[in-house]
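Undergrad: Counting from 2, one number per residue, gives the positions in the sequence shown under our numbering. Backbone N, C-alpha and C define an ideal beta-carbon position, used for all residues, glycine too. Got a structure here, written out as structure tokens. Questions coming.
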Amino acid sequence: MNKLIAVLVAGLFATSVFAQAAAPATPATPAKPAAAPAVVKAEAKAEKADAKAMKSEVKVDTKADVKVDAATAKADKAKAAADEKAAKAKTAADAKAAKAKAKADAKAAKTKAAADAKAAKTDKAADAKADKVKAEAKTDKAAAKADTAVVKAEGKADVKAATVKADAKAAGAK
2 MNKLIAVLVA GLFATSVFAQ AAAPATPATP AKPAAAPAVV KAEAKAEKAD
52 AKAMKSEVKV DTKADVKVDA ATAKADKAKA AADEKAAKAK TAADAKAAKA
102 KAKADAKAAK TKAAADAKAA KTDKAADAKA DKVKAEAKTD KAAAKADTAV
152 VKAEGKADVK AATVKADAKA AGAK
């Protein structure tokens, strides 16, 4: 459900960016000169790049969350299977102990301990694998966020450069 909400919110932001880019640029005060076409074009390009970067970040976040969920589910399944196997081994050991009480008791205890140790080892391995996938997902999210920040910074730099260029052109025309 969280993923669906995230996708819908990202879509809302993307459509609002495109809707704003289509609106005609009118100056707020008549005293200021109209923005140069290069500035408007640079701003539109920056907004489009920002929207694309946000969409990409949401997509990477969603994929990372899916990977984490899958790894966690797989680890839980492995734990359950190991616990079930350990339970079966304990039951088998108990049945054997009933036939030869004294000798079998020692062997059953040993078998139970081995089954528990094996289950603990499997649990630990499954948790380690899930933790690794979680760490990779966190790294993917951080990389996507960094990429988004770079795209935003480039867009701002393009807009600033276009504004400076337009201002210089306007100053030279006077």
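Report the option in Glu44, Ala110, Gly12, Ala71 whose CA atom is closest to the CA atom of Lys161.
TA: The shortest Cα separation from Lys161 among Glu44, Ala110, Gly12, Ala71 belongs to Glu44.
Undergrad: Please go through the stretch 113-172 and give each complete alpha helix (DSSP H) segment of 4 or more residues, from N-terminal end onward.
TA: Runs of the alpha helix (DSSP H) inside the stretch 113-172: none found.
Undergrad: Would you mind reading off the limits of the alpha helix (DSSP H) that contains Ala1?
TA: Because residue 1 is not part of the residues shown, which for the chain are 2 to 175, the question remains open.
Undergrad: To the nearest whole angstrom, what separates the beta carbons of Asp141 and Val61, a pair I think is in contact under 8 Å?
TA: Sure, about 6 Å apart at Cβ, within 8 Å.
Undergrad: With distances taken Cα to Cα, identify the nearest neighbour of Ser57 among Lys122, Asp148, Glu137.
TA: The shortest C-alpha separation from Ser57 is found at Asp148.
Undergrad: Could you compute how far the alpha carbon of Ala79 sits from the alpha carbon of Ala15?
TA: About 41 Å.
Undergrad: Have a look at Asp70 and Lys125 and give me their C-alpha separation to the nearest angstrom.
TA: Rounded to whole angstroms, Asp70 to Lys125 spans 18 Å at the Cα level.
Undergrad: Just to confirm my understanding: we take Thr63, look at its own chain, exclude 5 residues before and 5 after, and list those with CB closer than 6 Å. What are they?
TA: Excluding residues within five positions, the ones whose Cβ falls inside 6 Å are Lys4.
Undergrad: Closest to Val59 by CA distance: which of Lys68, Ala145, Glu155, Ala50 is it?
TA: When only C-alpha atoms are compared, the closest one is Ala145.
Undergrad: Do Gly156 and Ala50 have their CB atoms nearer than 7 Å?
TA: In this structure, Ala50 lies closer than 7 Å to Gly156 by Cβ.
Undergrad: For Gly12 and Lys113, what's the separation of their Cα atoms in angstroms?
TA: Spanning the two alpha carbons is a distance of roughly 55 Å.
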